[in-house]
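Numbering (full-length UniProt numbering), first residue to last: 1 to 112.
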C-alpha cells in the first residue's frame, strides 16, 4: 500500500528549513530522517508514524486517534501511529512532527 502523498507534502512543508532532514521510502511509507534517524513517516490513509521518547508515549496514547505502533503484531517501543483525522489541520501536524524531531535530536547522529 502506498503512502499518503498529500500528507508527505505537508510533512515536507513543516520540515522545510530544518537542518539534517532527508526522506526515503521505507515500510510502505515515506520516512523523514533527521541526522539519519527516522522522526516521522507518512503512512497510508493519512496516518502519521511518529518516533517518540518511550517515557512520553503512554501519556500521548488515547486509544482512538493515537495508538502504539505495531510491527508484526507486536508493539514497537517508542513509535506511535497517529490517525489522519488527528493531523488534519496544520497546527496538529506540526505538533506531532515537532515531537518526532525533538526526540531524534536527542539521539547521536547516525554514522554511515
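Quick reminder that beta carbons are idealized off the backbone N, C-alpha and C, glycines included. Given the structure is predicted, the values throughout are model-derived calculations rather than measurements.
Beta-carbon proximity check, residue i vs residue j, cutoff 8 Å
i: residue 39; j: residue 65; result: no
i: residue 69; j: residue 81; result: yes
i: residue 58; j: residue 109; result: no
i: residue 18; j: residue 104; result: no
i: residue 99; j: residue 52; result: yes
i: residue 33; j: residue 23; result: yes
i: residue 10; j: residue 107; result: no
Residues sharing a beta bridge with residue i, DSSP
i: residue 108; result: Its beta-bridge partners do not exist; DSSP assigns none.
i: residue 36; result: Answer is none; residue 36 lacks a bridge partner.
i: residue 50; result: 40 and 80
i: residue 75; result: 70
i: residue 63; result: DSSP, once it has assigned bridges, lists no residue as partnering residue 63.
The beta strand (DSSP E) enclosing residue i, as first and last residue numbers
i: residue 85; result: Counting along the chain, residue 85 falls outside any beta strand (DSSP E), and DSSP gives it neither H nor E.
i: residue 68; result: 66-71
i: residue 21; result: 21-26
Beta-carbon proximity list for residue i, same chain, < 7 Å, skipping 5 on both sides
i: residue 45; result: 4 and 84
i: residue 15; result: 21, 32 and 97
i: residue 49; result: 29, 40, 41, 43, 69, 79 and 81
heavy atom of the ligand MG below 7 Å from residue i C-beta
i: residue 18; result: Among the components modelled here there is no ligand, and therefore nothing to report on the ligand MG.
Span of the alpha helix (DSSP H), counted from its first residue to its last, around residue i
i: residue 6; result: 5-15
Close beta carbons around residue i, own chain, < 6 Å, minus the five adjacent residues each side
i: residue 60; result: 66
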